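Okay, so here's the structure we're looking at.
In the numbering used here, the protein residues as written are 788 to 1167.
As structure tokens, then:
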């Protein structure tokens, strides 16, 4: 999806705005820019108490935040992740595979992918090796949405600024891969501490929260075995404590072509996948999943809205009372004064599961209008 400068400027002013500007249906409303940071900002109703910004539970429910969408549905949510594995287990091949699939917008195994531009910082490689690796894995079909770099600044010396420049130049930015953590973090001498590890990861987490772009940081596992797979990540618990989750790739036998991928994270179900590496292309193929994904019971309110907002009626603007009047049977399952709250709380689910973007508009006297808009596949 190509966005010219004029469209991009309009989008940057629209997302998270308090006026009635609308987001174009043909572009990604989760625009990767500082305007996405409203999820980190308290609502205007928040109060200051002794220098502490606070808001009540009621104010929280009555606030609306930009939805976070997964990079890979059912596998990789939006956020900051550690991807850990032993040396030479195939981490860089898996990262190249993930980057390619996101940039191309093609499913990763049986998981749908949301297309977007990808920045892959392959800091332990050179361009010749990257060329050979990608060609071996994917042949000669390329994409302009996958960007590669072999040098970058460190976390404390300007990496965030470099990533910000990339995101501002690529409005559809979806994923940044840092391969590896050791190349960008600041070592505190030979001392390893929880505080140092946490401090190294915090700027990356803050960047992802601010922009909505997912970050994966490649790291190593320790040689010592552990009962908890999270304990195998090299370093202290400060690394995992500072991020949203982890993907851990390991082999039960070093010479085996099969490996296990454990996926752990906030706001998502833990998974264990068995993968096998294709001997010809080195592409990782899914053998089986040890965990069946939990499917939540559909929300009847969202189901009704999804029936109403369709290709024949892709956009609607009005108030909660007007929407209840428009949708037969909606008044039987929810009251007017709680409909907006339901939409606020389920804004992300409405977008992810139904492709409907909910946007509150500026209050007009006693009216509190909002927009419901069907978002096409390319934009989501």
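Ideal placement from N, C-alpha and C gives every residue a C-beta, glycine not left out. In this text, all values refer to a predicted model and were calculated from it rather than measured experimentally.
- Residue 933 is a Cβ neighbour of residue 905, given a cutoff of 8 Å.
- It is roughly 31 Å from the alpha-carbon of residue 874 to the alpha-carbon of residue 998.
- Around the Cβ of residue 841, a 10 Å sphere holds fewer than 16 other Cβ atoms; the residue is exposed.
- Where residue 1157 is concerned, the enclosing beta strand (DSSP E) starts and stops at 1157–1161.
- Between the region 844–863 and the region 1130–1144, the count of C-beta pairs closer than 8 Å reaches three or more; the two stretches touch.
- By DSSP's assignment, residue 1047 forms a beta bridge with 1037 and 1061.
- Membership of residue 1090 in the alpha helix (DSSP H) is indicated by the continuous run 1087–1095.
- Looking at 1042, 1053, 1052 and 981, the one whose alpha-carbon comes closest to that of residue 1023 is 981.
- In the structure shown, the three-state DSSP call for residue 910 is coil.
- The region 889–897 makes no contact with the region 914–924: fewer than 3 CB pairs, one atom from each, lie closer than 8 Å.
- Residue 973 sits in coil when the DSSP states are folded into three classes, being neither helix nor strand.
- DSSP places residue 989 inside the alpha helix (DSSP H), whose first and last residues are 981–998.
- Beta-bridge pairing by DSSP links residue 935 to 907.
- Of all alpha-carbon atoms in 1047, 835, 1160 and 1088, the one lying nearest the alpha-carbon of residue 1099 is that of 1160.
- For a cut-off of 8 Å, the C-beta gap from residue 942 to residue 971 is around 5 Å, short enough to register as a contact.
- Taking 8 Å as the cut-off, the beta carbon of residue 1007 is found no closer than this to the beta carbon of residue 915.
- Judged by pairs of C-beta atoms under 8 Å, the region 982–1001 touches the region 950–964, as three or more such pairs exist.
- Around the Cβ of residue 1113, a 10 Å sphere holds fewer than 16 other Cβ atoms; the residue is exposed.
- For the pair residue 1063 and residue 964, the Cα-to-Cα distance works out to about 22 Å.
- Between residue 979 and residue 1029, the C-beta spacing is not below 8 Å.
- Rounded to whole angstroms, the gap between the alpha carbons of residue 1040 and residue 991 is 33 Å.
- The beta carbon of residue 1054 lies closer than 7 Å to those of 864 in the same chain, with the five residues before and after it left out.
- Rounded to the nearest angstrom, the gap between the Cα atoms of residue 1052 and residue 843 is 27 Å.
- Here DSSP, grouped into helix, strand and coil, assigns residue 846 to helix.
- When DSSP reads this structure, residue 955 sits in no beta bridge, so it has no partner.
- Put simply, the backbone Cα of residue 1069 is about 29 Å away from that of residue 959.
- Around residue 1105, the same chain offers 1113, 1156 and 1157 as residues with beta carbons nearer than 8 Å, after the five sequence neighbours per side are excluded.
- A residue is called buried once 16 or more other Cβ atoms fall within 10 Å of its Cβ, and residue 1044, having fewer, is exposed.
- Residue 861 and residue 1092 have their C-alpha atoms some 23 Å from each other.
- Distance between residue 1056 and residue 1050, taken at the CA atoms: about 8 Å.
- By the Cβ neighbour-count rule, residue 902 is buried, with 16 or more other Cβ atoms within 10 Å of its own.
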